[in-house]
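Order-wise, the sequence lines are chains A and B.
Quick note: the first sequence uses our numbering, first residue 624, plus one each step.
Quick note: the second sequence uses our numbering, first residue 624, plus one each step.
Structure record follows, encoded as structure tokens.
Number of protein chains: 2
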Amino acid sequence: MDGAPSPHDRRDNPVEREKIGPWTRISGREVYDNPWIRVREDQVLHPDGSPGIYGTIHFKNIAIGVVALDDQGRVILVGQHRYPFDRYFWEIPEGGCPIGLETPEAAAVRELREETGYTAARWDYLGTLELSNSTTDEIAHMYLARDLSPGPAQPDASEEIAVKAMDFREAYRMSMEGGITESITVAAIARAKHFLDREAAP
Amino acid sequence: MDGAPSPHDRRDNPVEREKIGPWTRISGREVYDNPWIRVREDQVLHPDGSPGIYGTIHFKNIAIGVVALDDQGRVILVGQHRYPFDRYFWEIPEGGCPIGLETPEAAAVRELREETGYTAARWDYLGTLELSNSTTDEIAHMYLARDLSPGPAQPDASEEIAVKAMDFREAYRMSMEGGITESITVAAIARAKHFLDREAAP
């Protein structure tokens, strides 16, 4: 072994590298961690081979969104002040599902009840979204909830929430024309409209 | 002044605090910064007054998405490997608009040309999205581009991109039923469908 570099001395050791599609991760370090996100910075080779860095954010929760429709054709919306924007948003009920600790379906039931008080007897799945796939690994699962029963809301310490019911067609129009802009809400309402149209088709 | 605490000694000094809607920011520190994102952690009081932390991610670019339709009713999609997910995605052409340095409209023209080679003679605005508003301040602007002319693509070092044209109705169906899942693509295609339906209405 005399004179031979150890694997850890060799900058080009393929064992220390990882291929990420056309990218190469040379090394990485965690730069921030809290109960919800973990931020890392990787030293990489770009697809063209040039060196650079890639900062990524791992989300510890799956986002959940619920389009809850009452028997008058209204969708339940929640209003809350969103800290990163310092402004108020109207959205469908949303929350976080801790990965591996709760199923997305259970989180959807829980979030709808906590934020609005409603429970639903009928659930359909509206699929998934990747929310910001150049920088984060955050995904969302979306649901359609019907046959609602009211009950007491139970917001947590971080939530100060208003609840209102809006005609679904109006919420769809607003989501398509710009009056509603939160990404999970826009996508979930569009998919719910498509789902309901297919269901109603002869 | 003897014995009187200076403002900076007083933990409850209102001058040092900032109201963020129902939240109170007590203090904050930057924990990470790179050319694309800045991460900070704030000491906060929750809406119910209990103490905690809030980690937020500031994006230095506005996300741009372009639904480009050719004269055969096909939408131009780009395929690329997304590093944070380590998997391949088909999406509309997307990119980043450096805030304050380029207009979103100019970024849309540039991204479409760089990623696909196309230029468009007809542009319509499809509105905005907030992509992950509980944690980030990232927004997207979306556009409909028509009257396309082909040209050479010019991907940058971080991009290894495939381009294909797909019947718009099929791309819409996939976006609504789960075959296409990237959030800007799903929302932009839904809004483009609504825009085109309104335009075609008598």
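Here a beta-carbon is modelled for each residue, glycine too, at the ideal position from N, C-alpha and C.
No experiment lies behind these values; they were computed from the predicted model shown.
Check                                                                                                                                                                  : Outcome
According to DSSP, B:Ser-772 sits in a beta bridge with which residue or residues?                                                                                     : B:Thr-742
If you reduce the DSSP assignment to three classes, tell me which class A:Asn-636 lands in.                                                                            : The pLDDT assigned to A:Asn-636 is 42, lower than 50, so where the model puts this residue is not dependable; a value taken from the coordinates is nonetheless given after this. In the structure shown, A:Asn-636 sits in coil (DSSP, three-state: anything other than H, G, I, E or B).
Where B:Pro-674 and B:Asp-665 are concerned, what is the direct C-alpha to C-alpha distance, given to the nearest angstrom?                                            : 11 Å
Check each candidate in B:Glu-800, B:Leu-771, B:Asp-820, B:Ile-680 and name the one with the smallest Cα separation from B:Val-732.                                    : B:Leu-771
Counting only the same chain and skipping the five closest in sequence on each side, list residues whose C-beta sits under 8 Å from that of B:Ala-788.                 : Asp-693, Gln-695, Arg-697, Val-698, Ile-699, Leu-700
Of all the beta strand (DSSP E) runs that stay within the bounds of the segment 636-689 of chain A, which reach a length of 3 or more residues?                        : 641-643, 646-656, 660-668, 674-682
Using a C-beta cutoff of 7 Å, does B:Tyr-766 count as contacting chain C?                                                                                              : Given the protein chain composition of this structure (A and B), no chain C is represented.
Touching or not, the segment 762-776 of chain B and the segment 730-748 of chain B, by the rule of three or more beta carbon pairs under 8 Å?                          : yes
My assumption, with CB atoms under 8 Å, is that A:Glu-761 sits in contact with A:Ala-686. Please give the rounded CB distance.                                         : 6 Å
For chain A, is any of its Cβ atoms less than 7 Å away from the one on B:Pro-637?                                                                                      : Note that B:Pro-637 has pLDDT 43, beneath the 50 cutoff, so the model's placement of it is unreliable and the number below is only indicative. So, not an interface residue.
So, using beta-carbon positions, are B:Ser-798 and A:His-669 closer together than 7 Å?                                                                                 : no
Beta-carbon of A:Glu-653 versus every beta-carbon of chain B: anything under 7 Å?                                                                                      : no
Of the choices B:Arg-821, B:Ala-823, B:Trp-713, whose alpha-carbon is the least far from that of A:Leu-752?                                                            : B:Trp-713
I'd like to confirm the pairing. Which residues does DSSP put opposite A:Thr-751 in its beta bridges?                                                                  : A:His-764
Restricting to runs no shorter than 3 residues, where is the beta strand (DSSP E) found entirely within the segment 781-813 of chain B?                                : 785-790
Give, in chain order, every residue of the segment 742-765 of chain B whose Cβ lies closer than 7 Å to some Cβ of chain A.                                             : Gly-750, Thr-751, Leu-752, Glu-753, Leu-754, Ser-755, Asn-756, Ser-757, Thr-758, Thr-759, Asp-760, Glu-761
Would the beta-carbon of A:Gly-719 fall within 7 Å of that of A:Asn-684?                                                                                               : yes
Going along the chain, which residues of its own chain have a beta-carbon closer than 7 Å to the beta-carbon of A:Pro-611, five neighbours each way excluded?          : Not covered by the structure: residue 611 of chain A. The range shown for chain A is 624 to 825.
Is DSSP giving A:Ala-906 helix, strand or coil here?                                                                                                                   : The structure shown has nothing for residue 906 of chain A, since chain A only spans 624 to 825.
Compare the C-beta of A:Ile-660 against all C-beta atoms of chain B and say whether one is closer than 7 Å.                                                            : yes
By how many angstroms is the C-alpha of A:His-681 removed from the C-alpha of A:Pro-658?                                                                               : 11 Å
Kindly list, in the order they appear in chain A, the residues whose Cβ is closer than 7 Å to that of B:Met-799.                                                       : Ala-813, Arg-814, His-817
Going straight from the alpha carbon of A:Gly-723 to that of A:Ile-807, what length do you get?                                                                        : 21 Å
Taking 7 Å as the CB-CB limit, is B:Arg-633 close to chain A?                                                                                                          : Residue confidence is low: B:Arg-633 scores 38 on pLDDT, short of 50, so the model does not pin down where it sits. No coordinate-derived value is stated.
Could you work out which residue in A:Thr-804, A:Gly-644, A:Tyr-706 is closest to B:Asp-709 when comparing CA atoms only?                                              : A:Gly-644
DSSP has A:Leu-735 in a bridge; who is on the other side?                                                                                                              : Answer is none; A:Leu-735 lacks a bridge partner.
Apply the 10 Å Cβ neighbour rule to B:Gly-678 and answer buried if 16 or more other Cβ atoms are within range, or exposed otherwise.                                   : buried
If you check the beta carbons only, do B:Tyr-706 and A:Tyr-655 fall under 7 Å apart?                                                                                   : no
Within 6 Å: the Cβ of A:Glu-805 and any heavy atom of the ligand GDP?                                                                                                  : No copy of the ligand GDP occurs in the structure displayed, which carries no ligand at all.
For A:Asp-820, I'd like the list of residues in its chain whose CB is within less than 7 Å of its CB, leaving aside the five on either flank, ordered along the chain. : none
Using CA atoms only, rank isn't needed, just tell me which of B:Asp-671, B:Ile-676, B:Glu-717 is closest to B:Ile-649.                                                 : B:Ile-676
Would you kindly report the start and end of the unbroken beta strand (DSSP E) that includes A:Pro-707?                                                                : Neither: A:Pro-707 is in no beta strand (DSSP E) and is coded neither H nor E.
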